[in-house]
Structure formats: structure tokens, C-alpha cells
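Novice: Which chain is which? The protein sequence lines are A and B, in order.
Quick note on the numbering used here: the first sequence kicks off at 10 and runs consecutively.
Quick note on the numbering used here: the second sequence kicks off at 27 and runs consecutively.
Ideal placement from N, C-alpha and C gives every residue a C-beta, glycine not left out.
If you're wondering where the values come from, they're calculated on a predicted model, not measured in any experiment.
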Amino acid sequence: MGETVIRAVDGVSLQVRAGEFVALLGSSGSGKSSVLNLIAGLDRPTSGSVVVGDRDLAKLSREELAKYRLHVVGMVFQSFNLIASMTLAENVELPLRFAEVDRAQRPELAREALQRVGLRARMDHRPSELSGGEQQRAALARALINRPQLLLADEPTGNLDSHTGTEIMEMVRQFNRELGMTVVMVTHERALAERYAQRMIFLADGKLIDDRPNTPAANGGQS
Amino acid sequence: MKLPDLTELALRNLRESLLRNSLTTIGISVGVASLVAMLSLGIGLQQLASRRLVKSGLFDTVVVTSHRDMRTMGRERDEDRNGANPGESRILDESARAEIEHLSNVVEAYPDIRFSTELRYEDKPHLTMVSALPQSAKSNDAFEGMPGRFFSSDTAPEVILQKTFAEELLGKTPPRGGEEPNVTDLAKPLLGKELTLRYAQRAASPNQPVPPGADAANSSDSNLAGAAYSVVSREQKVTIVGIADLDPESMRGPTRARVFLPLKLAESLHVMQLTDLREIARAASDQPVYSSISVRVKNPAQIQLVEDAIKKMGFGTFSILDATRSLRQFFAVLDLFLGIFGSLALAVASIGIVNTLVMAILERRREIGIMKAIGASDGDVKKLFFAEAGAMGILGGIVGVALGWSIGQVINLGTNVYLKRQSLPPEHFWAVPWWLVAAAIGFAFVVSLVSGLYPAGRAARLDPVQALRYE
């Protein structure tokens, strides 16, 4: 995996190296989610550029941008965003359908991904039958299924209590370390960022205020 | 996304809001049902009309005439200008008839024998036109189910009378504007009675076959050379076997007579026909010369082939094929109108599809946003909505065809109960051919896809950031 360079120019210019764990901090309305959406290819910059690897997202067609989201990016959200009418297995399998992965391989891949987040036993349940932490784990499994280079998390623990929040963050860190995924996480909880991120970027009113390295606690500071 | 996935997701989504989608699908079904009902009525009526015509012998018959006859009908100058060799035109005699009969796709070729004659019934003379019928005319509508029976054989000395002639024999004249007499009542006093047929025989040589039961008293003085023929007056006793309830004016040439004889019997009588006078110059032959020959073709579809083959032989032909063009045109217009009326309900149903899918976009806004966020392209979302519209179309089409078919069956049944009460034979005027089933389902599918055009486009353009913002 080559170096992943991300630069968002909106009064904001930043670079993220491949394999880095970056936290975007700021109060609501600071523009941190907008930066994340730009990186995710959900939004296009009106001016400037977003470069991921060797792609300039601003220059991709809608179709190419969808492919980029499908194969390069995995996303988790504050509100989990699982599809309520589908079981966990089906939710996790959904990106494989868009990627046109062979039907015969899909169930096994979905089981593997759910195994990784410890939800294999609950794969036939619907999201509404699960706790928030379990739903977010399923969302993580879905984000992983196409083996993306980039994991984008938008307030992943915002709807969870601190215990399950820690559980999720441990998993994110595990993916960062073991799978070498670059993680960009948006959060307004400074403590969470200090515990897990290698770098903290502060935004306010759409402007970059501070960008400093951070030494995360060795085991997520569970002590 | 591939088709199996699209179908699976579409059906899953349709199940999610089962009531609304079922109602929309029922709407399509009603539209398709009305379309199928209308068109199958049109097709059924057309088939009924064609069946009638085929049975009446109109569609499978080619009338062959000699070219010379055509020329006497004012074509002479044209033919001359075209440099056609007059020697090419052939005489329509027995050998020509046999040759035509041996053409492929020809069932039979029989001469049209028609002559004016006097028939005596209870010693009163009645002058009328007599025409010969082949045994194959038995299946003709006019003779099927008439009082009495058809000729027992092709040579039997038997006759079938047309209704008005039967009335004349009985001395009844129908009151003007009054009710027509029942054929069955007319038949009772006449069936089995004998008539004496008086005719002029064209006797070419003494060793001509004497018709069975013919009065041979005068035949001895017809001993003439083959180069000439004499006209001899003869009598033939015939038995009335049937009374046909057909309108002589509505039928084709050969049946435009009021008394019918078996064909072989009529041939053996060697009745002096009008054409014989024209053939006087050729009278050297003792073979009869026919004014025209009716050729029955195996299948109405092969009429053109047979006509062409006969034309090559040097004869003129005429078939009803040209005349039926206007009939086909009429049914095409009728089907078009029925189709338009039937489609109206489908058009309304398609608005239902648009409505349902637009509602679905509003409801599934978030879901669409999620799918796009995790990598669904605009095309995937569009195809998914198309698949949902298409699935509703196909389901509605299938249910609609079944519904339309049932409606047709019920109406057919009801009408036949009515026909039975009126003591009329049952009719099958409702037809749902396989192509109509396929076309109706296909049409429903296409209509629903067109209806899905706008919702699918709108869903595809949905901005995922906007869709995911509100919780």
C-alpha cells in the first residue's frame, strides 16, 4: 500500500499518511464532518482538491466516485446506519452485491467479517434486535468487507455508553494496527482522541486551528 | 449490481410495504385485465368471422375461368397490346380440371355447373336456377344442421332446396315484413317427395353414359357424329332430401341457386350450359367445357400459391382474398380501438406506479443514502427502482392476464347460456392466444419501466450527505 495523501483545501490543508490514525476534533459546525464527507467522496469540493493515493476525487465521475467509496473507503456512522429490513448478514453482504462479488463466495465472506467483530452468532438477527454496541460492530464488519484502505468514522461512539464505546474503539485500533488501515475519525470527545489517535487535528469554523501528534495510550487507557 | 441481486432486493423492498405495493400491482392487473379482455374479444370476434367464412367456403376457394372469358369481359384490347398469344389461353375442360386438381395444396377442383331449368312438383312447373354441389359442401354452415340430410352420394338422384323455393313449391308466399316461415315447418311436407327435373341435354354421341333413372326414350335420335352435338330434352326424377335455410343473395356464385344437385349427377346429365353456345366452334370435342371451376385449397394461407400456379397454366383466377382485405382492415381498426380503451386503465395504473415509487423514495431516503455511502453507484440505485417497477409490472401482468381470461370465460359462458335459451348453437367468440398473453405481460412490464423512469432518476440523484444528515 502506497502513501495515502489527503489534502482538503477549504482554508484547511492537511495530509494523512497511510496507516495513520487521525482524529478530527471540533465543536459541531466546525466543518469536521464536511472534511470527512469530502474524503469519503460523498461530497465534492467546490474548489480545491481531495487527493487519495493517486486519485483526485474532484476529478472523478460520479460512477468512479461510487467505485472509490465501494473499494477504497469503509464508513461507520454515529447512528450506525444499518438497513433495518435486513439481517446483519445481509447488511454486511450488501457492499459485496454492489461490488458484484460471486454469489457463492458472499456468505462465507460475510460470516468471516462478522466473526471478526464477534457477531457471528447473531448474523440472522435484524439490527433492531441488537444493542447499540452490537449494531456498531456490525457496521464495522460492513465497512471492512471490501477490504478498504481507509476507514472513516463519524462520531462512532456518539450514541454509545462509555463501556461499549471503548469496545468499538479497541476494534478500530485493532484494524488500524493489524490490517494497516488508515483511520480518520471525527469526534468531539477530546479524551477519546487522546486515548486512540496518533494525531489530533482541531477545526473551528471551517478552519484548521491546530495539528499535533499524540501518543495514544498503549491499551486504550482502559485502566 | 447484477440481475439476481436486483431482483432479490427489489422483491424484498416490495414486501416491506406490502399493502401499498399490492394495491399498485392490483391496479396494473386491472389495467392488463381490461386490455386482455378487450383484445381477446376483438380477436375472438375476428376468429369467429373467419371461421364462418372458411366454413362458407369463401376463403379456401379459387374460381378458375378461361382467359377467353376474361377477354370477353373487356380485357381483350389489353391482352392484345401486351402481345399475349391467344393460342396460350386454354379451354377449361376435364383434362384442365384434372391437372389443377393435381396441383399441390389443392383439395379438389370441381366444375361450377349451373343451369336454368324447369322442375315439376305435383304437376306444376317451376322455373329456377339449379346448381351442383360437391360432397365437400356438406360441412358448409348452410347445410350443416338443416332439416333433412345432405346427398347420400355424389351421384344420388337427390336435391336440396333453398328455403324460398320450398315456399314456392308449397304455394306459400311470405307476408311482406312478416315473420319468415320456419325451415323445419317447410321441410315436413316436402322431405322425401319427388320432383321431375326437365333439362336440355347436350348429347355429343350415342354412347354417352345415361344418367341413372333418366328417361332414355329420346336418346336414340341423338346419334350424331362427334363433330356436332344435338340438344335433347330429358327428364330426371329426383328426391328432396333437405331444405337449406340460406339466403341465396348472400352466398357465392355456385350457391346462388335455389335447387342443388350432387356434382357427379349434374355432370352426368350433360346439361346444355350457356358457355356451350360460345364453344360451338370447338364442339368437335365430346368433352364438356366448363365455364368455371372452383378449386378448394387445403389452407386459406396457400390461396396465393395456388392462384399463381393456376395463372401459370394459362387460366384466369379469382379468389375472395382481395375481398377479405377490407374485413381484416375493419378488425385491425376494431382491435386498435379496443386496445386503446383497454390501455386507458393501464395508463391510470402506471400513474399509480409513479406515485408508489415516489413515496418509496421519500420513505427510503435514508436507506438510499446508506447504500450510496457504502458504494452503490447512481446506476445501482436507478436499476433497483427499475427492478421494483418491473417486478410490479410483471406480477401485475400475470395476475391481469389471469383476471382478463377469467372475465372472458365468464362472459363467454353467460352469453352461451343466453344463446342456448334462444336455441342457438354455442359460440366461442373469446380467444386469448399465447401471443396475447406474452404481449400483455410484456406491455405491462414496459409500461411499468417507463413509469419507473422518473422515480428511478430521482432516487439516483439523491445526495447521500443530505439523505444521511437527518435522523
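#1: Taking Cβ positions only, does B:S48 come closer than 8 Å to chain A?
#2: Would you say A:R156 lies against chain B (beta-carbon separation less than 8 Å)?
#3: Can a CB atom of chain A be found closer than 8 Å to the CB of B:A402?
#4: Using DSSP with H/G/I as helix, E/B as strand and the rest coil, what is B:I266?
#5: Any idea which residues DSSP pairs A:R221 with across the strands?
#6: With a cut-off of 8 Å on the beta carbons, I'd call B:G434 and B:V458 a contact; round off their distance for me.
#7: For chain B, is any of its Cβ atoms less than 8 Å away from the one on A:L103?
#8: Alpha carbon to alpha carbon, how far is A:N185 from A:L23? Give it in angstroms, no decimals.
#9: Helix, strand or coil, according to DSSP, for A:A27 in the structure here?
#10: Are the C-beta atoms of B:G434 and some chain A residue less than 8 Å apart?
#11: At a CB-CB cut-off below 8 Å, which residues of chain B make contact with A:R78?
#12: Can you give me the C-alpha to C-alpha distance between B:E194 and B:S157, rounded to a whole angstrom?
#13: Using the Cα positions of B:P326 and B:E333, report the straight-line distance between them to the nearest angstrom.
#14: Does the region 152–167 of chain A come into contact with the region 119–134 of chain A, if we say contact requires no fewer than three beta-carbon pairs (one atom in each stretch) closer than 8 Å?
#15: Taking all protein chains shown into account, do 16 or more other C-beta atoms lie within 10 angstroms of the C-beta of B:V443, making it buried, or fewer, making it exposed?
#16: Would you mind working out which of B:M155, B:V323 and B:V258 sits nearest B:V132, comparing C-alpha positions?
#17: In chain order, which beta strand (DSSP E) runs of at least 3 residues are fully inside the region 120–148 of chain A?
#18: What does the alpha-carbon distance come out to for the pair A:E138 and A:L47?
#19: Between which two residues does the beta strand (DSSP E) containing B:T143 stretch?
#20: Note down the Cα distance separating B:E127 from B:M172, rounded to an integer number of angstroms.
#21: Could you check which residue in A:D214, A:A108 and A:R221 has the C-alpha nearest to that of A:G38?
#22: Applying the criterion that 16 or more other CB atoms from any shown protein chain within 10 Å of the CB defines a buried residue, is A:T55 buried or exposed?
#23: Look at B:I387 and B:M418 and say whether their C-beta atoms are less than 8 Å apart.
#24: Taking the continuous alpha helix (DSSP H) assigned at B:S474, which residues delimit it?
#25: Can you give me the start and stop residues for the alpha helix (DSSP H) that A:I48 sits inside?
#26: For B:F286, which residues does DSSP report across the bridge?
#27: Could you give the uninterrupted runs of the alpha helix (DSSP H) lying entirely in the region 42–92 of chain B, keeping only those of 4 residues or more?
#28: For a contact meaning CB atoms closer than 7 Å, what does B:K446 contact in chain A?
#29: I need the boundaries of the alpha helix (DSSP H) containing A:G174, first residue and last residue.
#30: Verify whether the separation of the beta carbon atoms of A:H197 and A:S36 is less than 8 Å.
#31: Indicate whether A:L34 and A:R199 have their beta-carbon atoms separated by less than 8 Å.
#32: Counting only beta-carbon atoms, is B:E42 nearer than 8 Å to chain A?
#33: Using Cβ-Cβ distances below 7 Å, what residues of the region 372–395 of chain B are close to chain A?
#34: Hey, is the region 52–72 of chain A in contact with the region 103–119 of chain A, meaning 3+ C-beta pairs nearer than 8 Å?
#35: What residues in its chain sit with their C-beta under 8 Å from that of B:K219, if we drop five residues either side in the sequence?
#36: Tell me which residue opens and which closes the beta strand (DSSP E) that B:I117 is part of.
Specialist: Here's the rundown:
#1: Here the question's residue 48 of chain B lines up with position 22 in the second sequence. In terms of beta-carbon proximity, B:S48 stays away from the interface with chain A, with every pair separated by 8 Å or more.
#2: In the first sequence, residue 156 of chain A corresponds to position 147, counting from 1. Contact of A:R156 with chain B is not assigned, every C-beta pair being separated by 8 Å or more.
#3: Start at 1 with the first residue of the second sequence, and residue 402 of chain B comes out as number 376. Cβ-Cβ to chain A under 8 Å: yes for B:A402.
#4: Stepping through the second sequence from its first residue, residue 266 of chain B is reached at position 240. B:I266 falls in the strand class under three-state DSSP.
#5: As a working note, residue 221 of chain A is residue 212 in the first sequence. Note: A:R221 sits in a beta bridge opposite A:M209.
#6: Stepping through the second sequence from its first residue, residue 434 of chain B is reached at position 408. Stepping through the second sequence from its first residue, residue 458 of chain B is reached at position 432. About 6 Å separates the Cβ atoms of B:G434 and B:V458, confirming a contact at the 8 Å cut-off.
#7: Locating residue 103 of chain A in the first sequence gives position 94, where the first residue counts as 1. A Cβ of chain B is located within less than 8 Å of the beta carbon of A:L103.
#8: Numbered from its first residue, the first sequence carries residue 23 of chain A at position 14. Numbered from its first residue, the first sequence carries residue 185 of chain A at position 176. In this structure, the straight-line span from the alpha carbon of A:L23 to that of A:N185 is close to 20 Å.
#9: For the purposes of this step, residue 27 of chain A is taken as residue 18 along the first sequence, with counting starting at 1. Here DSSP, grouped into helix, strand and coil, assigns A:A27 to coil.
#10: In the second sequence, the residue the question calls residue 434 of chain B occupies position 408. No - not a single Cβ of chain A is within 8 Å of the one on B:G434.
#11: As a first step, residue 78 of chain A is located in the first sequence; it is residue number 69 there, counting from the start. Residues of chain B passing the Cβ test: K398, A399, I400 and G401.
#12: Locating residue 194 of chain B in the second sequence gives position 168, counting from the first residue. Locating residue 157 of chain B in the second sequence gives position 131, counting from the first residue. Approximately 18 Å, taken between the alpha carbons.
#13: Locating residue 326 of chain B in the second sequence gives position 300, where the first residue counts as 1. Locating residue 333 of chain B in the second sequence gives position 307, where the first residue counts as 1. Between B:P326 and B:E333, the C-alpha separation is close to 11 Å.
#14: Yes: at least three Cβ pairs fall under 8 Å.
#15: Residue numbering aside, residue 443 of chain B sits at position 417 when the second sequence is read from its first letter. Around the beta carbon of B:V443, fewer than 16 other beta carbons lie within 10 angstroms, which makes this residue exposed.
#16: As a first step, residue 132 of chain B is located in the second sequence; it is residue number 106 there, counting from the start. Nearest in C-alpha terms to B:V132, of all of B:M155, B:V323 and B:V258, is B:V323.
#17: Entirely contained in the region 120–148 of chain A, not one beta strand (DSSP E) run reaches 3 residues.
#18: Working through the first sequence from its first residue, we reach residue 138 of chain A at position 129. Working through the first sequence from its first residue, we reach residue 47 of chain A at position 38. A:E138 and A:L47: Cα-Cα distance of roughly 33 Å.
#19: Counted from its first residue, the second sequence places residue 143 of chain B at position 117. Residue range R140 to Y147 is occupied by the beta strand (DSSP E) that includes B:T143.
#20: As a working note, residue 127 of chain B is residue 101 in the second sequence. As a working note, residue 172 of chain B is residue 146 in the second sequence. CA-to-CA, the gap between B:E127 and B:M172 works out to about 30 Å.
#21: In the first sequence, counting from the first residue as 1, residue 38 of chain A sits at position 29. Here the closest residue by C-alpha is A:D214.
#22: Indexing the first sequence from 1 puts residue 55 of chain A at position 46. It is exposed - the Cβ of A:T55 has fewer than 16 other Cβ atoms within 10 Å.
#23: Mapped onto the second sequence, residue 387 of chain B falls at position 361. Mapped onto the second sequence, residue 418 of chain B falls at position 392. No; because the gap between Cβ atoms is not below 8 Å, this pair is not in contact.
#24: Working through the second sequence from its first residue, we reach residue 474 of chain B at position 448. Its alpha helix (DSSP H) spans residues W460 to R487.
#25: On the first sequence, position 39 is the one that residue 48 of chain A refers to. If you look at A:I48, you'll find it in the alpha helix (DSSP H) that goes K41 to A49.
#26: Within the second sequence, the letter at position 260 stands for residue 286 of chain B. Paired residue(s): B:S157 and B:I186.
#27: At a cut-off of 4 residues, the continuous stretches assigned as alpha helix (DSSP H) that sit fully inside the region 42–92 of chain B are 44–81.
#28: Within the second sequence, residue 446 of chain B is the residue found at index 420, counting from 1. Identification of chain A residues near B:K446 by a Cβ-Cβ cut-off of 7 Å yields none; the smallest Cβ-Cβ distance measures about 55 Å.
#29: Here residue 174 of chain A refers to the residue found at position 165 of the first sequence. That run of the alpha helix (DSSP H) goes S171 to E187.
#30: On the first sequence, position 188 is the one that residue 197 of chain A refers to. On the first sequence, position 27 is the one that residue 36 of chain A refers to. It is a contact, given that the beta carbons lie within the stated cut-off.
#31: The count along the first sequence starts at 1 and reaches residue 34 of chain A at position 25. The count along the first sequence starts at 1 and reaches residue 199 of chain A at position 190. Going by C-beta atoms, A:L34 is nearer than 8 Å to A:R199.
#32: Along the second sequence, one-based indexing puts residue 42 of chain B at 16. It does: the Cβ of B:E42 has a partner Cβ on chain A nearer than 8 Å.
#33: So the close ones are E393.
#34: Touching, no.
#35: Position 193 of the second sequence holds residue 219 of chain B. Sequence-distant Cβ neighbours of B:K219 in its own chain, meaning closer than 8 Å and more than five residues away, are Y147, T265 and I266.
#36: On the second sequence, position 91 is the one that residue 117 of chain B refers to. Taken as a continuous stretch (DSSP letters only), B:I117 belongs to no beta strand (DSSP E), as it is neither H nor E.
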